[in-house]
Amino acid sequence: MWYESNLRSVSYWKTLSQSSEGELENFQEELAEERTSFNQLNRGRIAVFIDGSNLFYAALQLGIEINYTKLLRYLTGNSKLLRSFFYTGVDLANDKQQSFLLWMRRHGYRVVTKELTQLTDGSKKVDLNVEIAIDMMTLVNYYDTAVLVSGDGDLAYAVNAVSYQGVRVEVVSLRSMTSDILINYADYYIDLSEIKEQIQKVPRSGYLST
50 MWYESNLRSV SYWKTLSQSS EGELENFQEE LAEERTSFNQ LNRGRIAVFI DGSNLFYAAL
110 QLGIEINYTK LLRYLTGNSK LLRSFFYTGV DLANDKQQSF LLWMRRHGYR VVTKELTQLT
170 DGSKKVDLNV EIAIDMMTLV NYYDTAVLVS GDGDLAYAVN AVSYQGVRVE VVSLRSMTSD
230 ILINYADYYI DLSEIKEQIQ KVPRSGYLST
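With our numbering, letter number 158 in the sequence shown gets 207, and the count goes up by one each step, no holes.
Now the structure itself:
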């Protein structure tokens, strides 16, 4: 799945074909300024929806470990946080995972879980897209901006639906793991690779975070 690196790619290419070189440079500067001023935007009340599995594999690709306190602080910026959801499959026999989820609940996250299903090949899988979509729609009258941390194209319809309710939708995901249609429906896009320094755990001396 491939896409342009920001939500204004269509306008960008129109500008490229119609503008002079000087106008193009001004347009590119405008895009850069918009990205750097992310936390200064008037975003109203924020609701955060994190696809835990999608974020986990994105972090693996980036070679980092997520600091979830820093992540929530970055996603909220200077706005008022209504609620932050973290969706993940669970293995009830995994004590380490249970401890992690307890920590998440105590540090600002509402954790939504579903037990992993074992497939015939021995692997385990879970799908929480329905839960994410329902929560986005149920709370739509209580927040002004939805921040979706996922690149799953199956969530595009939910993103489009809440947008029609007048909500601003921001998608945060890794470029190589994001659907074209999802980013096209969103109002703003952030590539995880561009903010990894702000949201990663600082590796201990002599230790490589993975």
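For glycine and all other residues, C-beta sits at the position ideal for the given N, C-alpha and C.
Bounds of the alpha helix (DSSP H) holding ASP184 are 178 to 187. Straight through space, the alpha carbons of GLU243 and ALA96 are spaced by roughly 22 Å.
For LEU197, the enclosing beta strand (DSSP E) begins and ends at 194 to 198. Considered as a whole, the region 110 to 182 harbours 117 to 125 and 144 to 155 as its complete alpha helix (DSSP H) runs of no fewer than 4 residues, in chain order. Counting every other CB atom within 10 Å of its CB across the protein chains shown gives THR187 a total below 16, marking it as exposed.
Annotated as proximal: GLU219 and VAL196, with beta-carbon spacing under 8 Å. Taking a contact as a CB-CB distance under 8 Å, the pair TYR191 and LEU131 counts as one, their CB atoms being some 6 Å apart. Shown here, GLN249 sits in a strand according to DSSP, grouped into three states.
By the Cβ test, the region 143 to 157 is not in contact with the region 198 to 207, since fewer than three Cβ pairs between them sit closer than 8 Å. Rounded to the nearest whole angstrom, the CA to CA distance from SER222 to ALA235 is 12 Å.
Here SER128 really is in contact with THR194; their C-beta atoms are around 7 Å apart, less than 8 Å. The C-alpha of THR137 is placed about 21 Å away from the C-alpha of TYR123.
In this chain, the beta strand (DSSP E) harbouring VAL97 covers 94 to 100. As a beta-bridge residue in DSSP terms, SER222 pairs with ASP240. Contact check for VAL198 against PHE98 passes: the beta carbons are separated by less than 8 Å. With respect to the C-alpha of VAL160, the residue from LEU150, ALA210 and VAL211 having the closest C-alpha is LEU150.
With 16 or more other Cβ atoms from the protein chains shown falling within 10 Å of its own Cβ, ALA107 counts as buried.
When the Cα atoms are used, ARG92 and LYS245 turn out to be separated by approximately 22 Å.
The Cβ atoms of ILE248 and ALA207 lie no closer than 8 Å to each other.
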